[in-house]
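To start, the structure itself, in structure tokens.
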Amino acid sequence: MSVLVINCGSTSAKIDIVNPDTGDVVASSKLERLEPGSHASVLTKNLPAILEKLPPGSVTCVGHRVVHGGEQFVRPTVITPDVLKSIEELSSLAPLHNPANAAGISAALELLPDVPHVAVFDTAFHATLSRRSATYAIPTRLAEEHKIRRFGFHGTSHQFVAESAAKCLGEDLRDLRIITCHLGGGCSICAVEYGRSVETSMGMTPLEGLVMGTRSGDIDAGAILHLMRSGEMSIDDVDQLLNKRSGLAGLSGIGNDMRDIEAKAAEGDENCRLAIQVFCHRVRKYIGAYTAVMGGVDAIVFTAGIGENSQTIRHRVAQRMDYLGARLDEDRNRDVALDDKPVAAISAENSRVKILVAKTNESLAIARLTAKTAAEQKPSSQQTIPVAISARHVHLRQETVEALFGDGYELTELKPLSQPGQFAANECVTLIGPKRSIERVRILGPTRSKDQVEIARTDEFFLGLDAPVRASGKVENTPGITLEGTDGRRVVIPQGVICAWRHIHMTPKDAEQFGVENGDIVNVTVGEGGGRTLTFGDVLIRVKSTYKLEMHIDTDEGNAAELSSRDEGELSSTSGQATLTRNR
Ligand code: AMP
């Protein structure tokens, strides 16, 4: 089985035929210096010759890299006429790329009409950015009208290397906080918190963030206004300046290739030295910021042309990181070779934070996501999933129960919950937030090993808290709260307040029927067959033999969807965010 991967850049088209299981590249071709608008005709001319060399029928699906998926596409998506139309419509957000991507799709659909085509979006992995990290501080109405928000790019690469890193460390991606540094021609950095992108340096366009080959990255918008007001530059001039003439090329004055810049810097060229300093300083600054955002970091990963190859840049970036428990091993950094392995550790043996170098492989990542998405296209099970709206509630440790209700106190059952063995207790607590309190919040039993308070967004604002979306049990780096039991007994829990990640409980048999695994992220359509339908993206699959099939959403989501707790969802399609799958 092979996947044809088509990657149409603004002036290039790369074609790879990849075995998604082994990573073997069966055939490859790069067409460069293309004129705008010529992608379709170039592919129509060149693709048949490549396909003719392969045994007939060996290409089982086609994966297309698409730069911008906007707010609409949050996972790899099988291409239908409507999907193609939407990709074309998103051209306003990526005027150089999406038209080329759409042209490539049209041409390939004509040549290979009988196999599934899948769009893999650069932005999709970042669909989990929180509102606070996706929002620019401009008037909300204007931002909504013009779709001005942070999307993030290089998602396929960040996801791929985060997965590779977790595998190399022998850990589950969902247990790790990783900072991935994609340093190539384009550069971006991403905070991958327990498998989800929560921050990334590129924004509405790929211009924001790190210093890149020819792009400036972060710059005061006031400087641009100043240049334009000076009368020296038009809008197009500024566009050219920031996208094509800045970054390493602008600073060094000798072009954008880091190898040349390093060589000149070693000879004493001041501009090249400054280019390297500014480049590394900004990466370091972002690593510190993203560690703060995640409340810690377990691994820092370098990837792409510069990240994989430049020991100098890695050395400079990773200096003086003892404060966060990251220590580079200089010998390993110098000697690292990724010829026969995808990831290598370059941190010292005693470094708490692992520093890794990982090979990124966009074609293989696209091939894998495409194969998975195409396989999932088979008709999904018609079994419906009951939707339960989960009211705010509290899980407590026995110790906390006793601190709130008295020594030796045991929770008493009010009524059993639908998940076997769980019950709503007669006991309630008052949640005392920094701003206000919420009384009579139900405790669910039995007691657990960690205290956990699950509230909705509206509750967060009411209480004056800032709680992240998390899977149950993942309470590291979450806010604490004061709980009040009977007789005014109070307990301050140092952490544990979360906004529960919407999830589906199911048995292994259900999982098999739906074709999903524990930890998969899926898409759920609710209200199929009558009334309006609504799709919940980013739903976490939780599999256990004792679970009863049920989707849990919070009260805000239930209200927004105008759902009563009797509504039933139908699993419409599984997500391509297979990276979160436990067994991969
Ligand atoms: P990419 O976009 O991932 O292909 O990265 C391309 C960039 O990687 C080039 O512009 C080079 O500046 C950089 N690069 C490749 N090899 C090296 C190396 N050995 N040392 C420093 N930079 C390198």
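When we follow this note's numbering, the leftmost residue of the sequence shown carries the number 632, and every step to the right adds one.
Where is the CB? At the ideal position from N, CA and C, for every residue including glycine.
- Of the heavy atoms belonging to the ligand AMP, at least one sits nearer than 7 Å to the Cβ of residue 890.
- It is roughly 17 Å from the alpha-carbon of residue 1088 to the alpha-carbon of residue 1070.
- Note on residue 1008: under 16 other CB atoms within 10 angstroms of its CB, so exposed under the neighbour-count rule.
- Pairwise C-beta distances place the segment 937-951 out of contact with the segment 794-810, as fewer than three of them are shorter than 8 Å.
- One thing to note: residue 989 has its Cβ no nearer than 8 Å to the Cβ of residue 751.
- Contact between the segment 817-831 and the segment 783-790 is present: three or more C-beta pairs spanning the two stretches fall below 8 Å.
- Under DSSP, residue 835 forms no beta bridge with any residue.
- Look at residue 1029 here: in three-state DSSP terms it is helix.
- In the DSSP annotation of this structure, the continuous segment of the beta strand (DSSP E) that includes residue 658 starts and ends at 656-662.
- Excluding its 5 nearest sequence neighbours in each direction, residue 675 has C-beta neighbours in its own chain below 8 Å: 738, 741 and 742, listed in chain order.
- In this structure the segment 802-809 does not lie against the segment 847-865, because fewer than three pairs of beta carbons, one per stretch, are closer than 8 Å.
- In this structure, the beta-carbon distance from residue 842 to residue 855 does not fall below 8 Å.
- It is roughly 15 Å from the alpha-carbon of residue 657 to the alpha-carbon of residue 996.
- A Cβ-Cβ distance of about 7 Å is found for the pair residue 1112 and residue 1096, placing them in contact under the 8 Å criterion.
- Relative to the ligand AMP, the beta carbon of residue 885 is positioned no closer than 7 Å to any heavy atom.
- Residue nearest to residue 1121 within the set 1031, 697 and 767 is 1031 (criterion: CA-CA distance).
- Between residue 879 and residue 829, the C-beta gap is not smaller than 8 Å, which leaves the two residues out of contact.
- Shown here, residue 950 sits in coil according to DSSP, grouped into three states, outside any helix or strand.
- For residue 878, the shortest separation between its Cβ and any heavy atom of the ligand AMP does not lie below 7 Å.
- The ligand AMP never approaches residue 663 closely enough for any of its heavy atoms to be under 7 Å from the residue's Cβ.
- The criterion of a C-beta distance shorter than 8 Å is not satisfied by residue 734 and residue 813.
- Judged by DSSP secondary structure, residue 871 falls within the alpha helix (DSSP H) whose first and last residues are 866-875.
- The beta carbons of residue 1001 and residue 712 sit no closer together than 8 Å.
- Relative to the ligand AMP, the beta carbon of residue 775 is positioned no closer than 7 Å to any heavy atom.
- For residue 1058, the enclosing beta strand (DSSP E) stretches over residues 1054-1063.
- For the 8 Å CB-CB criterion, residue 848 and residue 840 form a contact.
- Judged by their CB atoms, residue 987 and residue 930 are nearer to each other than the 8 Å cut-off.
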